[in-house]
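Protein chains in written order, with the working numbering: chain A, 1 to 430; chain Z, 431 to 860.
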């Protein structure tokens, strides 16, 4: 791409950046936690329609995707779980097609009093926008859209199909992106601007979610000795899981992309609920656990190991031996994925194209990073043989309080994405 | 009391026992958990009015009782926390006055699927009525009422004031009974038919409720090492409390009325809640704890010991040392009470009167028992210098699933209470 076109494209992003930030604030004002994504999706869909994209909004059906590779089990149904895709169709189709993907769902905000300002009333301070989901990953979603807008502003459009995807369910299963595949949205590459500080994600771990449910025998506390306290009983199970985490992170259990990392596979007791009255021996306790696995580590075998660990701990207790805890999979059964191992000409080309775009914007070499989380990139990468680039802005405290995204980083990423689209898809006159 | 009158009184209870059981079932159909006692209280109040008692229903005001001895701290307000008292006034006032007390509040039912039948749809099987609160203590409440009914049925009434009390808040603070005192309902003795298997409670422990609230530092689990997991941090605090429980139950830390008991002071982790997302490092964890104390053990000193124990455990952790857990008292700060040590002529007479009544009904000597729970008897006993007899039917699984009360035991207790009223208050023609 000639220098003049590059400059015009970067300028076009700059010119619209205030508008882009305002739209990000609007979108971040929708509290799109799991089950409540609809208003944010409607906001995006009407924007896509106004821009002239063929816009497809549909409710995910579990039965449509339950047998596809990469599916994760779901508790509850998907009533109101709506994906949105805006499609650009090329007149020439001379170039390579592209998925621009991001997720609309955000994790819960937690107790409001731990935020400096309301999590769904985004504010800007010191060059950052603050709010739940601004980094993870509404800034990336909006960057995808405004990269396309910048092309149009200078009279061009991609010379191949581009699918702008706003999906649900990234934060717990990935079934939103899977449903896009089932709906027929395939392309030659995918770009997902998750907030990893303008680095290209070279590898991501897999993630398993499970619940451990202990049932006790409730009695009045006055006869506590004769009952069975389900909260107490959960504590050695948690301890056993911590031991498993240690074993899985031992130097003998490593992975080439994570050899530099002291503790790649994090176990997280993310939620616990048990009992309902201080003076009743609690009859139930449920813990929600997240465990990382290496790329290539077999999910079924990992689950079996987790179960064996929990049952061995349960067997230490006379009551739990006869009343084993239930282990319920209710979210991610997600394999790891290494872009760096995706040995294919298209992958190399996609990476090189992004490297050029990143350099043109920042003057710096694109760094790669192996991350200890998962992203939807595993679907194109593992199951559709499609290179999937995860590259997005710098954000802080994602999943925490006072989540924030650096706006200048958002600007640079938007420019890089615009250049990447031009380079990967080629351009045609709009 | 002559044998003929005794026989007529027992017969009068028998004659109305089917009606009594039906009324118990009606009352037990009201799910009168904390905050939802109103419909059950209205049911009782209209029954009292129909029977001609001067009926007083009032909402507790915290400010009225907050400075009275025995008050326990309250989280939230007492909107809709309504006590009901039906007063019998004697024409002669020749006898001794009496409080017939019971509580209308019941503890939560827990998960419905752990019940064999719905907890608020009482059913009878094998001589027992099943349902939440049937034993603890609606059967006792109704026994008080039908004991009075039996007197009336044979043409008599107590020859002194009798206050039939249905109070809220017994299961968490006792502030309901305290509010009756503040309202002016005092008498020469109190009878509380809590379900302790037709034994007279000679001693009861004190109870302290507290919450331990840990705040963590939430981050995405991908950087779990940099965050601080509030659930993980709570586990050593629980372990420290268990050690405290051991020390308080050690042979060197005993009490004359509990010397025979292997473990009188039960610590119960009754409830735990923390986090909201498996893949977010949880920023908060709150545990609800109940701890027993001996009669005579100073509550303030016990609280100080609990706090010292928790802070010492917190100090073992670099983060918790700087971010100490909050300890919040949100319920019972209840002292223990020993009827057996209530060295007063009125107490001895009240016990003897109940012993006679019990023997006349059962042919057996009244057994005494030191219990490892608290009851509202501590208020009259400790603060109003009024003997308080706790004597009620046999029940099982109170605070558990499939709670039940033995109906023949309810019949006997009702008869004993009728005889006790006659003996204690004396009789006059109705």
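All residues carry an ideal CB built from backbone N, CA and C; glycine is no exception.
| Item | Value |
| --- | --- |
| Counting only Cβ pairs nearer than 8 Å, list the residues of chain A close to residue 659(Z). | 268 and 269 |
| Can you check which of these residues, 126(A), 207(A) and 107(A), is closest to residue 405(A) by C-alpha distance? | 126(A) |
| DSSP three-state call for residue 118(A): helix, strand or coil? | coil |
| Looking only at its own chain, which residues have a Cβ that is under 8 Å from the Cβ of residue 731(Z), when we skip the five neighbours before and after it? | none |
| Rounded C-beta distance between residue 331(A) and residue 63(A)? I'm assuming under 8 Å. | At roughly 19 Å, the Cβ-Cβ gap does not stay under 8 Å, so residue 331(A) and residue 63(A) are not in contact. |
| I'd like to know if residue 768(Z) contacts chain A, where contact means its C-beta is closer than 8 Å to some C-beta of that chain. | no |
| Identify the continuous beta strand (DSSP E) that holds residue 429(A) and give its terminal residues. | 427-429 |
| Let me see if you follow: with CB-CB separation under 8 Å, is residue 108(A) close to chain Z or not? | yes |
| What is the rounded straight-line gap between the Cα of residue 203(A) and the Cα of residue 340(A)? | 7 Å |
| When the Cβ atoms of the region 729-749 of chain Z are set against those of the region 610-626 of chain Z, are three or more pairs found closer than 8 Å? | no |
| Measure the alpha-carbon distance for residue 466(Z) versus residue 306(A) and round it to whole angstroms. | 42 Å |
| Just how far apart, CA to CA, sit residue 757(Z) and residue 837(Z)? | 42 Å |
| When you compare the CB positions of residue 103(A) and residue 396(A), do they come within less than 8 Å of one another, or not? | no |
| Measure the alpha-carbon distance for residue 622(Z) versus residue 688(Z) and round it to whole angstroms. | 22 Å |
| Return yes when the Cβ of residue 282(A) is within less than 8 Å of the Cβ of residue 437(Z), no when it is not. | no |
| What separation, rounded to the nearest whole angstrom, lies between the Cα atoms of residue 740(Z) and residue 642(Z)? | 9 Å |
| How is the alpha helix (DSSP H) around residue 1(A) delimited, first residue to last? | Per DSSP, residue 1(A) belongs to no alpha helix (DSSP H) and is neither H nor E. |
| Do you know whose CA, among 351(A), 205(A) and 403(A), lies nearest residue 107(A)'s CA? | 403(A) |
| For the alpha helix (DSSP H) holding residue 144(A), just list the boundary residues, first then last. | 139-153 |
| Take residue 552(Z) and list the residues in its own chain whose beta-carbon comes closer than 8 Å to its own, dropping the five residues that flank it on each side. | 454, 455, 458, 459, 559, 560, 561 and 564 |
| Ignore the nearest five residues each way along the sequence and tell me which others in residue 677(Z)'s own chain have a CB closer than 8 Å to its CB. | 683 |
| My output table needs one value for residue 190(A): the three-state DSSP class, helix, strand or coil. | strand |
| Can you list, in chain order, the residues of the region 362-387 of chain A whose Cβ is nearer than 8 Å to any Cβ on chain Z? | 371, 372 and 373 |
| Closer than 6 Å by C-beta to residue 796(Z): which residues in its own chain qualify, once you throw out the five before and the five after it? Chain order, please. | 630, 785 and 788 |
| Taking 8 Å as the CB-CB limit, is residue 401(A) close to chain Z? | yes |
| If you run the structure through DSSP and keep just helix, strand and coil, what is residue 33(A)? | strand |
| Using a C-beta to C-beta distance shorter than 7 Å, which residues of chain A count as neighbours of residue 662(Z)? | 269 |
| DSSP three-state call for residue 213(A): helix, strand or coil? | strand |
| Give the residues of chain Z in contact with residue 282(A), contact being defined as C-beta atoms less than 9 Å apart. | 540, 698, 699, 700, 701 and 702 |
| Buried or exposed for residue 431(A), please, with buried defined as at least 16 other CB atoms from any protein chain shown within 10 angstroms of its CB. | For residue 431(A) there is no data in the structure shown, the boundaries of chain A being 1 and 430. |
| For residue 137(A) and chain Z, any beta-carbon pair shorter than 8 Å? | no |
| Using the Cα positions of residue 581(Z) and residue 433(Z), report the straight-line distance between them to the nearest angstrom. | 15 Å |
| Cutting at 8 Å between CB atoms, please list the residues of its own chain near residue 625(Z), excluding the five before and the five after it. | 565, 566, 567, 569, 570, 822, 823, 824, 825, 828 and 835 |
| Can you tell which of 163(A), 255(A) and 233(A) has the C-alpha that lies nearest to the C-alpha of residue 322(A)? | 233(A) |
| Between the Cα of residue 409(A) and those of 342(A), 293(A) and 20(A), spot the shortest distance and give me the residue it belongs to. | 20(A) |
| For the region 465-479 of chain Z against the region 504-515 of chain Z, do three or more pairs of beta-carbon atoms, one drawn from each stretch, fall closer than 8 Å, so that the two count as touching? | yes |
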